Amino acid sequence: MITTEKVYILAFPGNDANKEKLFAERLRLLPLPENTPLEVVEVPREIDALAALNAAGLKLMEGYNPDDKRDVSLAMGHWRVWHQALQEGRQSVVVLEEDFVPTGTHYHILDTDETADLLYLGRYASDGDRPANTGGLVRPGYSQGAFAYRLNRRGLEILTASGFAEQIIPAGELFSALSGQHPDREVKEAYTGRLDVLAPMKNFISPDGNWHASLQAAGGYIPLHPQLYQAFGEHEAAWVKRYVNPQLVHREFDLICDEPIDNVYAFPFFTPAFCQEVIEEAEHFGEWTNYREKDGDPIDIKLSSFGLDEVFNQALRKYLHPLLFHKYHLHGQGWENLTSQNFIVRYLAERQGHLGLHNDGSYVSLIVTLNLDYDGGGTFFPKYKKLIKPEQVGYASVHPGLLGYLHGARPITRGRRYILASFFFLGSRPFSDGTY
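Note that the numbering used here has the sequence shown beginning at 24, numbered continuously upward.
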C-alpha cells in the first residue's frame with residue numbers, strides 16, 4: 024500500500040476559521056493514515072493573480088488569456104506545492120483545492136499499490152478513457168480539473184521539470200498535456216516529460232458547488248436560499264439563467280442601456296428572482312449596520328457578512344465590468360484590477376428613509392433596484408435636476424464617483440426600499456472607508 028505522507032490544500036484568503044473546520048470534517052472521510060501532516064497553502068486573491076504571477080517570475084502560455092483569474096491563482100498554488108513537496112523529500116502527497124468535498128464510496132482506491140505518477144481523485148472527464156489493470160481504475164483520456172489528486176515522487180519530479188513556470192495554464196490542462204491526452208497538439212508539445220496517469224471510474228472527490236453556503240454554515244450561518252450561493256463550476260450556467268438578464272449576458276450593451284444623464288447609464292442586470300432572494304437572505308441574516316452612515320440608524324449589510332460577496336463579485340466581473348469598459352472607454356491592463364465594496368441597503372419610511380447629498384469615494388458606483396413596493400425614493404442628481412428611479416426590479420444604474428456627480432437618496436414615504444450598492448476602485452482599498 025502506498026502511504027500518503029502529506030496533504031496540501033490550496034486556499035484563497037479569508038474565512039480561515041470556517042475553512043479549518045470544514046477541512047477537518049471532510050478529511051476525516053478519507054482513508055488517510057492517522058496524523059497525516061496537513062498544510063493549507065494560501066494562493067493569491069483573483070484580483071492579485073497577475074501581479075503575483077509576475078512577482079514570482081512566472082509567465083502565462085502565449086495566447087492564454089484567462090477570463091477567470093481564479094485558474095491563474097490556483098495554477099501558481101499547484102506549482103508551489105510541487106516544488107515544496109519535492110524539497111521536503113515526499114514520496115507520495117495528496118493535493119486538494121479548498122472547495123473539495125468527498126462524494127463517493129470508492130475511497131479504497133487511495134490504498135492501491137498502483138505506482139502511477141498521478142492518481143486523479145476527481146476530474147472532469149471527456150472521451151477516451153481506457154481500461155486499467157486494476158479494478159475501479161481507468162487510463163484517463165482528456166480530462167480537466169486539478170481539484171483532487173495524488174502524486175508520487177516521480178510525478179513531482181516530472182511536473183517541476185516540465186517547463187510549466189514558463190507557460191502557465193490551468194494545472195489540469197498540464198496533466199492532460201503530459202499524459203499525451205490533450206487535444207491541442209501545440210499544448211502537448213509545449214512541455215517536457217510524460218506522466219503515467221490513472222483515475223477512478225467514478226469521482227469520489229468533487230468541487231463543492233455550494234461552497235460559500237458551506238462556509239457560512241460552518242461559521243454558524245445557514246443560508247435561507249442555498250441556490251443563491253451555487254454560482255460556480257457545474258452550477259454556474261443554471262445560476263446565470265436564473266438570476267442574470269440574458270441581454271446583459273449576451274453583451275447587448277448599446278441596445279439595453281439608457282443614458283438619462285451624461286455618463287450615467289441605466290440597464291437591466293438581475294432577474295426578479297435574484298432580487299427577491301437577496302432581500303430575503305439579508306433579512307434572514309438580520310445583522311444590519313450603520314457602516315456607511317456612522318451616526319445614523321442601521322441601514323446596510325456588507326455582502327461579505329453573509330457570504331454572498333464572492334458570488335456577487337463573479338457576476339460583476341463577468342457581466343458588469345465589460346459594460347463599464349465599453350461605456351466608459353476604460354482601456355489598459357490596470358482596469359483589470361477593478362474591485363468593489365458591496366452592500367445591501369434598506370431605507371425605512373418611518374426612520375432613515377433617505378441619504379443626503381454626497382459624492383462617492385469611488386471611480387464608479389452601481390445601484391441595483393431590488394423592490395418597488397414603496398413610495399418616494401430614487402437617486403437625485405441636483406446638478407442635472409434628474410431623478411433616477413427604475414420602474415422594474417433588477418434594473419441598475421452606474422455613475423462616476425468622486426467629483427461632478429453629487430447625488431442623494433430621495434426620502435421614501437411608505438414601505439421599505441432595498442438596493443444593492445457597489446463602489447468600484449483600483450487596488451485593495453477604496454479612497455475612504457467613510458460615508459459614500
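We treat Cβ as the ideally placed atom computed from N, Cα and C, and that holds for glycine. Note that this is a predicted model, so its numbers are computed, not measured.
Those residues which DSSP pairs with residue i across a bridge
i      : result
Leu142 : Arg173 and Leu221
Ile324 : Ile367
Asp281 : Ala289
Thr362 : Phe448
Phe123 : Pro230
Arg162 : Arg153
Lys409 : Phe404
Asp398 : Arg437
Tyr147 : Gln167
Arg374 : Leu371
Thr294 : Answer is none; Thr294 lacks a bridge partner.
Ser388 : His422 and Phe446
Val334 : For Val334, which the question treats as bridged, DSSP gives no partner whatsoever.
Ser115 : Asn175
Leu486 : In the structure as shown, the chain begins at 24 and stops at 459. Residue 486 is therefore absent and cannot be evaluated.
Val267 : Phe293
His381 : His430
Nearest-angstrom Cα separation, counted from residue j out to residue i
i      : j      : result
Lys317 : Trp311 : Because the pLDDT at Lys317 is just 49, under 50, the model does not fix this residue reliably, and the point stays unresolved.
Pro230 : Gly431 : 43 Å
Asp219 : Gln337 : 36 Å
Val116 : Thr27  : 5 Å
Ala47  : Gln270 : 43 Å
Leu339 : Glu196 : 27 Å
Lys412 : Pro291 : 13 Å
Glu333 : Asn156 : 43 Å
Leu13  : Glu300 : Residue 13 falls outside the range modelled here, since the chain spans only 24 to 459, and no answer is possible.
Arg103 : Glu120 : 13 Å
Gly232 : Phe293 : 21 Å
Glu209 : Ala188 : 17 Å
Ala241 : Leu55  : 23 Å
Trp234 : Leu201 : 30 Å
Asn58  : Ala184 : 31 Å
Lys42  : Met99  : 20 Å
Val64  : Arg217 : 26 Å
Lys408 : Leu97  : 49 Å
Thr126 : Ile228 : 5 Å
Ala444 : Ala296 : 18 Å
Ala40  : Leu238 : 9 Å
Tyr87  : Ile192 : 7 Å
Tyr351 : Lys406 : 20 Å
Leu343 : Phe335 : 11 Å
Gln375 : Leu45  : 39 Å
Glu180 : Ala194 : 15 Å
Glu62  : Ala79  : 21 Å
Glu306 : Ala213 : 53 Å
Pro249 : Ser328 : 15 Å
Asn365 : Tyr266 : 17 Å
Val160 : Leu142 : Here residue 160 turns out to be Leu, not Val, going by the sequence shown. If I take the Cα positions, the gap works out to 9 Å.
Asn268 : Arg51  : 42 Å
Phe276 : Lys211 : 38 Å
Ile367 : Ile302 : 8 Å
C-beta contact flag for residue i and residue j at 9 Å
i      : j      : result
Ala372 : Arg433 : no
Leu76  : Val118 : no
Arg162 : Leu221 : yes
Phe404 : Ile284 : yes
Gly145 : Asn226 : yes
Val347 : Leu361 : It should be pointed out that residue 347 corresponds to Leu in this sequence rather than to Val. Yes, the pair counts as a contact, with Cβ atoms nearer than the cut-off.
Leu429 : His377 : no
Phe123 : Ala74  : no
Leu393 : Glu414 : no
Gly357 : Gly384 : no
Met84  : Gln253 : no
Gly355 : Pro246 : no
Phe198 : Tyr244 : no
Asp90  : Lys264 : no
Cys298 : Tyr441 : yes
Pairing CB atoms from the segment 411-426 with CB atoms from the segment 387-402, are three or more of them under 8 Å? yes
Check whether the segment 321-329 and the segment 250-264 touch, using three or more Cβ-Cβ pairs below 8 Å as the test. no
If we count Cβ pairs, one from each stretch, closer than 8 Å, do we get three or more for the segment 106-114 versus the segment 204-220? As far as the Cβ criterion goes, the segment 106-114 does not touch the segment 204-220, which means the pair count is below three.
Using 8 Å as the threshold, is the segment 27-38 in touch with the segment 57-69, meaning 3 or more CB pairs across them? yes
What runs of the beta strand (DSSP E), each 3 residues or longer, lie entirely inside the segment 417-449? 418-423, 430-432 and 435-449
Between the segment 139-150 and the segment 165-178, do at least 3 Cβ pairs fall closer than 8 Å? yes
Which whole runs of the beta strand (DSSP E) in the segment 180-252 are 3 residues long or more, in chain order? 220-223 and 228-230
Let me know the alpha helix (DSSP H) ranges lying completely inside the segment 26-77, each 4 residues or longer, listed in chain order. 39-50
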